[in-house]
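In structure tokens:
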């Protein structure tokens, strides 16, 4: 589904990714761990097409498409979803309107008719219940005045409504308490259907107790320096990252 | 004197105004004649050249147009006492029956004439407002809204001013006086509109509002006009003890539009709340000048203006708050935020605080920015096209103020029109050259 080969990327003239390779097959969950500054968030932003995150070498294939050639919205419509580490507040644009315009854009791309306002509101209310977000949050400005946990749950709400094929969670667990983490993880797990793939970027092993990955990769200095199964995360938790950075650096 | 100044005076000389307006007209004419025509060196008009007006020289009255105005312009669907003017001419056949207290100057009884004479031209200082002096000089008629002590108008007063095309440059004048006595309440909607591609009209419109002790006025001034129209106007308010003036204004259209708000806090405990939105595009120019005089202690001002300026349009915001020496415990906040959506758009924003009292809280903020690219990216990452993202974010920027408009009918009127405005491709209107 996703094939990244030798990806180099820079942010503000600084090289961050320095030859990253990763293969994600349908239905797989890949966790990417690594110390601060290793390039974890850069990967998600490069895949989503964030301005200022420039791929300088290598390739990214998604369903046989050259992702790097696509505009941000085209990537989203093809099924790439990035749950933001820092979701953006947009006062004046209601969450409901934002979600409806997004869902309609996806449906249009798939050749489906737009949902009526009534159909959509019903769907949005039901889905917000699944992430334990009060329906009042739908009426408010996008993320406006939301707490950290509410913002992250709103990201998962969007993911559920947009039904992407590849979900990238960028440190979605950072700053969440155990209860909120459980809600987020339940949301993600409910979307694991054997076809949809996940890249879970995290700093903490804790999340992987709830979202159990098929593969764990360690990113250091812009490269995958070690890959393994879920036991690698536990090893990292116990030993830290320095043994890898020093050993392979 | 310019040709326009001179010919406007000749126009005044041809009028047959009622005798009880003679003094005000004479003073206005004198000030109009003696004031030097503003140039770029005139501070109040520094960024707003009057060249289009000078060139047009519209020193004749606009004609009485018989167009089926309601088909051309759908009004705000508000349950109100409606007065319709077309090119400045009152159209009773399109207007409501007027309740007691709402009367045209020309139909005023002796008591109402006294009331008008007592207040008209007293709230507005025509020595400070050149076009107010013109309005005085040409004063022939107007509208009085009078709410006696302790009463509340059953319905809002809704004044619709429709502009229709003229063959050659012409002028229309509108004058409104609102007197709301102690403990009384009123809502006034002033709506300026030209739906048809409008040419050659200059609108000069001035409103004076007296808000008595503990009285309240909710005021709207909506200017949705075509690009070729020129509009200069002002809203002048006296606030007495514990009085409240709550205003909302929105302006779009016109290659020269200048609106002044001049508010005097004359009694303690008075409050001004004023929100404004301006949306010039193409080669339009919209200039809001606000001036708030805190003359006495314990008054509050809360002023928020936001503008989105596109294409080669220009916006001017000059917000002055003058806190006099006696005006202790004043609380005043002013904010002006601007969004530029084109590299050739211009904004001149100037907050002016003059504070002579030492125990006040007074703040202001002015920003000029482009759309936040992170927000654009966020929307795009959810499949929204860049064009839609820009439209949503621009609309969101002013929707915050629209959401606060208490009159639902006005929200319902404006929202689809503004959405359409942002949805519309800019090239549709084209870039016109007026030089």
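Chains as they are written, first to last, in our numbering: chain A, 46 to 294; chain B, 1170 to 1604. Even glycine gets a Cβ: it sits at the ideal position worked out from N, Cα and C.
Can you look up residue 1194 of chain B in the DSSP assignment and give me helix, strand or coil?
Here the question's residue 1194 of chain B lines up with position 25 in the second chain. Of the three classes helix, strand and coil, the one that applies to residue 1194 of chain B here is helix, per DSSP.
Check your understanding: Do residue 186 of chain A and residue 132 of chain A have their C-beta atoms closer together than 8 Å?
Key -> On the first chain, residue 186 of chain A is found 141 positions in, with the first residue counted as 1. On the first chain, residue 132 of chain A is found 87 positions in, with the first residue counted as 1. Against a cut-off of 8 Å, the Cβ pair of residue 132 of chain A and residue 186 of chain A comes out as no contact.
Fill in: Buried/exposed call for residue 1275 of chain B, threshold 16 Cβ in 10 Å
As a first step, residue 1275 of chain B is located in the second chain; it is residue number 106 there, counting from the start. In this structure residue 1275 of chain B is exposed. Its beta-carbon is surrounded by fewer than 16 other beta-carbon atoms within 10 angstroms.
Beta-carbon proximity of residue 337 of chain A to residue 92 of chain A, cut-off 8 Å: As displayed, chain A neither begins before 46 nor continues past 294, which places residue 337 of chain A out of reach and without an answer.
ask   = So residue 99 of chain A is in the beta strand (DSSP E); what residue range does that whole segment cover?
value = On the first chain, position 54 is the one that residue 99 of chain A refers to. It spans 98-107 - the beta strand (DSSP E) in which residue 99 of chain A sits, taken as one unbroken run.
Between which residues of its own chain and residue 1407 of chain B is the CB-CB distance below 6 Å, once the five residues before and five after are set aside?
Position 238 of the second chain, counted from the start, is the residue given in the question as residue 1407 of chain B. If we look at residue 1407 of chain B and ignore the five residues flanking it on each side, its Cβ neighbours are 1292, 1379, 1433, 1435.
Worksheet entry | chain B residues whose Cβ lies nearer than 7 Å to that of residue 93 of chain A | Along the first chain, read from residue 1 onward, the residue named residue 93 of chain A stands at position 48. Result: 1550.
- By the 10 Å Cβ neighbour count, where 16 or more other Cβ atoms means buried, how is residue 174 of chain A classified, buried or exposed? Translated into positions along the first chain, residue 174 of chain A becomes position 129. The residue is exposed, with fewer than 16 neighbouring Cβ atoms inside 10 Å.
Amino acids of chain A, ordered along the chain, whose beta-carbon sits closer than 8 Å to that of residue 1402 of chain B: Along the second chain, one-based indexing puts residue 1402 of chain B at 233. Under the 8 Å cutoff, chain A gives no residues; its nearest Cβ is about 28 Å from residue 1402 of chain B.
For residue 1555 of chain B, which residues in chain A fall below 9 Å Cβ to Cβ?
As a working mapping, residue 1555 of chain B is identified with position 386 in the second chain. In chain order: 116, 117, 118.
For chain A, check one thing: does any of its Cβ atoms lie closer than 8 Å to the Cβ of residue 1293 of chain B? Along the second chain, one-based indexing puts residue 1293 of chain B at 124. Closer than 8 Å: no.
Practice prompt. Starting from residue 1523 of chain B, trace the beta strand (DSSP E) both ways and give me its first and last residue.
Written response: Numbered from 1 along the second chain, position 354 holds the residue referred to as residue 1523 of chain B. Element bounds for residue 1523 of chain B: 1515-1524.
In the DSSP assignment, the alpha helix (DSSP H) including residue 234 of chain A goes from what residue to what residue? Sequence index remark: in the first chain, residue 234 of chain A carries index 189 (1-based). Note, residue 234 of chain A: alpha helix (DSSP H), 223-235.
*asked:* With three or more C-beta pairs closer than 8 Å as the rule, is the region 1179-1199 of chain B touching the region 1292-1312 of chain B?
replied: In short, these stretches touch, since the Cβ pair count reaches three.
Could you tell me whether the Cβ of residue 1543 of chain B comes closer than 8 Å to any Cβ of chain A? What you label residue 1543 of chain B is simply residue 374 of the second chain in a count that begins at 1. So, interface residue.
Out of curiosity, what's the CA-to-CA distance linking residue 1312 of chain B and residue 176 of chain A?
By 1-based counting over the second chain, the position of residue 1312 of chain B is 143. By 1-based counting over the first chain, the position of residue 176 of chain A is 131. Residue 1312 of chain B and residue 176 of chain A: Cα-Cα distance of roughly 57 Å.
- Which residues in the same chain have their Cβ closer than 7 Å to the Cβ of residue 1248 of chain B, if we skip the five residues on either side of it in sequence? Locating residue 1248 of chain B in the second chain gives position 79, counting from the first residue. 1324, listed in sequence order.
Margin query: With a threshold of 8 Å between beta-carbons, can residue 57 of chain A be considered close to chain B, or not?
Written below: Here residue 57 of chain A corresponds to residue number 12 of the first chain, with the count starting at 1. Answer no: the Cβ-Cβ gap between residue 57 of chain A and chain B never drops below 8 Å.
Comparing alpha-carbon positions, which option in B:1587, B:1551, B:1582, B:1584 lies nearest residue 127 of chain A?
What you label residue 127 of chain A is simply residue 82 of the first chain in a count that begins at 1. Taking only the C-alpha atoms, the option nearest residue 127 of chain A is B:1551.
* To do: Rounded to whole angstroms, what's the CA-CA distance from residue 148 of chain A to residue 1553 of chain B? Just pull it up for me.
  => Counting from one through the first chain, the residue named residue 148 of chain A turns up at place 103. Counting from one through the second chain, the residue named residue 1553 of chain B turns up at place 384. Each residue's alpha carbon lies about 9 Å from the other.
Are the beta-carbon atoms of residue 125 of chain A and residue 264 of chain A separated by less than 8 Å?
For the purposes of this step, residue 125 of chain A is taken as the residue at position 80 of the first chain. For the purposes of this step, residue 264 of chain A is taken as the residue at position 219 of the first chain. Against a cut-off of 8 Å, the Cβ pair of residue 264 of chain A and residue 125 of chain A comes out as no contact.
query: For a contact meaning CB atoms closer than 8 Å, what does residue 100 of chain A contact in chain B?
result: On the first chain, position 55 is the one that residue 100 of chain A refers to. Chain B residues near residue 100 of chain A: none, gap ~16 Å exceeds 8 Å.
Practice item. Output, in chain order, the set of chain B residues within a Cβ distance shorter than 8 Å of residue 89 of chain A. Key: Residue mapping note: residue 89 of chain A aligns to position 44 of the first chain, counting from 1. Per Cβ cutoff of 8 Å: no residues; residue 89 of chain A is ~10 Å from chain B at best.
| message | Within 8 Å of any Cβ in chain B, is that where the Cβ of residue 278 of chain A sits? | response | One-based indexing of the first chain puts residue 278 of chain A at position 233. Chain B contact via Cβ: absent.
Please report the residue range of the beta strand (DSSP E) in which residue 1563 of chain B lies.
To locate residue 1563 of chain B, count along the second chain from 1; it is residue 394. Not the beta strand (DSSP E): residue 1563 of chain B falls in the alpha helix (DSSP H), residues 1555-1571.
Would a C-beta distance cut-off of 8 Å place residue 1363 of chain B and residue 1332 of chain B closer than the cut-off? Reading the second chain from its first residue, position 194 is the one you call residue 1363 of chain B. Reading the second chain from its first residue, position 163 is the one you call residue 1332 of chain B. A contact, by the Cβ cut-off of 8 Å.
If I measure Cβ to Cβ from residue 1470 of chain B and keep anything under 6 Å in the same chain, skipping five residues before and after, which residues do I get? Here residue 1470 of chain B corresponds to residue number 301 of the second chain, with the count starting at 1. Closer than 6 Å at Cβ, skipping near neighbours: 1441, 1461, 1501.
Min CB distance residue 1562 of chain B to chain A below 8 Å: Locating residue 1562 of chain B in the second chain gives position 393, counting from the first residue. So, interface residue.
Taking all protein chains shown into account, decide if residue 81 of chain A is buried (16 or more other Cβ within 10 angstroms of its Cβ) or exposed. Translated into the one-based positions of the first chain, residue 81 of chain A becomes position 36. Flag for residue 81 of chain A reads exposed.
First and last residue of the alpha helix (DSSP H) that includes residue 1223 of chain B? Along the second chain, read from residue 1 onward, the residue named residue 1223 of chain B stands at position 54. Counting along the chain, the alpha helix (DSSP H) containing residue 1223 of chain B begins and ends at 1220-1225.
Q: Please classify residue 1525 of chain B: is it buried, with 16 or more other beta-carbons within 10 angstroms of its beta-carbon, or exposed?
A: The residue labelled residue 1525 of chain B in the question sits at position 356 within the second chain. That one is exposed.
Q) Is the CB of residue 158 of chain A under 8 Å away from at least one CB in chain B? A) Within the first chain, residue 158 of chain A is the residue found at index 113, counting from 1. Under the Cβ criterion of 8 Å, residue 158 of chain A is not counted among the residues facing chain B.
Which of helix, strand or coil DSSP assigns to residue 1341 of chain B: Residue 1341 of chain B sits at position 172 when you count from the first residue of the second chain. Strand at residue 1341 of chain B.
Tell me whether residue 1584 of chain B sits in a helix, a strand or coil according to DSSP, three-state version. As a first step, residue 1584 of chain B must be located in the second chain, where it is residue number 415. Three-state DSSP puts residue 1584 of chain B in a helix.
Classify residue 136 of chain A as helix, strand or coil using the three-state DSSP reduction. Here residue 136 of chain A corresponds to residue number 91 of the first chain, with the count starting at 1. Here residue 136 of chain A carries a strand assignment [DSSP, helix/strand/coil].
For residue 1282 of chain B versus residue 1335 of chain B, is the C-beta distance shorter than 8 Å? Here residue 1282 of chain B refers to the residue found at position 113 of the second chain. Here residue 1335 of chain B refers to the residue found at position 166 of the second chain. No, Cβ-Cβ distance for residue 1282 of chain B and residue 1335 of chain B is not below 8 Å.
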